[in-house]
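Chemist: Below you'll find the structure I mean.
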Amino acid sequence: DYSESFKIINESNSEEGKSAFEKLVAKAKENIYNGDVFQIVLSKRFSAEFEGDLLNVYRALRIINPSPYMYYMEFPDSKVVIGTSPEDLLKVKNRTAEILPIAGTRKRGKTVKEDIELEKDLLSDPKEIAEHTMLVDLARNDLGRVCDYGSIKIIENMKVNRFSHVMHIVSRVAGELQKDKDCIDALKASFPAGTVTGAPKIRAMQLINEYENLVRNVYAGAVGYIDFNGNLDMCIAIRTLFSKGSKIYWQAGAGIVADSIPENEFYEIQNKSAALKKALKFAEDLNENISNR
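Each residue of the sequence shown is one higher than the one before, counting from 74 in our numbering.
What follows is the structure in structure tokens.
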């Protein structure tokens, strides 16, 4: 039922705050040089005013950015969460816990040849490889707190996964839960994901709180389920929109390491948020297409 239309009334300028964000990246690099952290993930929030049916945005997002996790959730006080996340936070099945770190990003190419060239560039970029390796080690460390010694293995290492607007480097790390641990213990050990905080996690989160100067809300949190057999499947709430009243928000982040180039990190955020912006526009077009039938 497409009876209710969707329309963006006023959208924030995506280029707004570019200089301020680049200054934050420079500050974060100082923290890295000083030994506070190895990596920190800084994010930027976008917003728009809207009217109409947010279910059309979910329909649009499913078409534009199909992903392993897709969700539309309504909460009291006119709050809605909509997302198509590409990234697992944690899976636990038959007492095997698995984390799939995603780190290292390039936009998709306009042709097959360009796409392949961008993949080669991604896999040969020392900054991206260092960032990804660090987060694989962090995943091993998180699982090491709840899994049997010697059971933790890297199942897949640095595979490139493609999505509608970007490609990412992905690895798989798995281990067997200790007898006295369950899926909730594994969730506590791995949340929040290192791919949205940095490392070490606690100090990275302290700096994020200082630099971002806002509450992330559902962004970088978790969405998923726990069943009665002790299995769990959670994704990281990225490529996710959240709304309250007549305002809708979305957020994207970039992993900052010692050799990060501030402007590049800003445009990585633009690339990651492109699917969400496109979905909002497509939701408006959906209305016109349906009404013209």
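Ideal Cβ positions, reconstructed from N, Cα and C, are used throughout, including at glycine.
#1: Kindly confirm or deny that the segment 319 to 336 and the segment 114 to 126 touch, where touching means at least three C-beta pairs closer than 8 Å.
#2: Cα-Cα, which of Lys180, Lys261, Glu336, Gly156 is closest to leucine 97?
#3: Taking the DSSP output, what are the residues bridged to histidine 241?
#4: Which of the three DSSP states is assigned to glutamine 324 in this structure?
#5: Label serine 316 either buried or exposed according to how many other C-beta atoms from any shown protein chain fall within 10 Å of its C-beta, with 16 as the threshold for buried.
#6: Which runs of the alpha helix (DSSP H) fall wholly inside the segment 85 to 144 and span at least 4 residues, in chain order?
#7: Taking contact to mean 3 or more Cβ pairs, one atom from each stretch, closer than 8 Å, check whether the segment 159 to 168 and the segment 184 to 200 are in contact.
#8: Would the beta-carbon of proline 265 fall within 9 Å of that of alanine 247?
#9: Looking at C-beta atoms only, is the number of pairs between the segment 217 to 226 and the segment 142 to 159 that lie closer than 8 Å three or more?
#10: So what does DSSP say about aspartate 161, is it helix, strand or coil?
#11: Have a look at the DSSP bridge pairing and note the partners of lysine 226.
#12: Beta-carbon separation of alanine 203 and valine 114 under 9 Å?
#13: If we count the other Cβ atoms within 10 Å of its Cβ and call it buried at 16 or more, is glycine 271 buried or exposed?
#14: Check whether the Cβ atoms of glycine 177 and leucine 191 sit closer than 9 Å, and answer yes or no.
#15: Bridge partners for aspartate 332 per DSSP, in chain order?
#16: Taking buried to mean at least 16 other C-beta atoms within 10 Å of its own C-beta, is leucine 287 buried or exposed?
#17: Between histidine 238 and lysine 320, what straight-line distance do the alpha-carbon atoms span, to the nearest angstrom?
Modeler: Checking against the coordinates, here is how it stands:
#1: yes
#2: Here residue 97 refers to the residue found at position 24 when the sequence shown is read from its first residue. Comparing Cα-Cα distances from leucine 97 to each of Lys180, Lys261, Glu336, Gly156, the minimum goes to Glu336.
#3: As a working mapping, residue 241 is identified with position 168 in the sequence shown. Thr178, Asn234.
#4: As a working note, residue 324 is residue 251 in the sequence shown. Strand at glutamine 324.
#5: In the sequence shown, residue 316 corresponds to position 243, counting from 1. The residue in question, serine 316, is buried, as its Cβ has 16 or more Cβ neighbours within 10 Å.
#6: 91 to 106, 128 to 137
#7: no
#8: Position 192 of the sequence shown holds residue 265. Position 174 of the sequence shown holds residue 247. The answer is no: Cβ separation not under 9 Å.
#9: no
#10: Working through the sequence shown from its first residue, we reach residue 161 at position 88. In the structure shown, aspartate 161 sits in a strand (DSSP, three-state: E or B).
#11: Looking up residue 226 in the sequence shown gives position 153. Lysine 226 pairs with Ala247.
#12: Translated into the one-based positions of the sequence shown, residue 203 becomes position 130. Translated into the one-based positions of the sequence shown, residue 114 becomes position 41. Taking 9 Å as the Cβ cut-off, alanine 203 and valine 114 do not qualify as a contacting pair.
#13: Numbered from 1 along the sequence shown, position 198 holds the residue referred to as residue 271. It counts as buried.
#14: Translated into positions along the sequence shown, residue 177 becomes position 104. Translated into positions along the sequence shown, residue 191 becomes position 118. Not closer than 9 Å, so no.
#15: Sequence index remark: in the sequence shown, residue 332 carries index 259 (1-based). Aspartate 332 pairs with nothing; no bridge assigned.
#16: Here residue 287 is taken as the residue at index 214 of the sequence shown, counted from 1. With fewer than 16 Cβ atoms within 10 Å of its Cβ, leucine 287 is classed as exposed.
#17: Numbered from 1 along the sequence shown, position 165 holds the residue referred to as residue 238. Numbered from 1 along the sequence shown, position 247 holds the residue referred to as residue 320. Approximately 25 Å between the Cα atoms of the pair.
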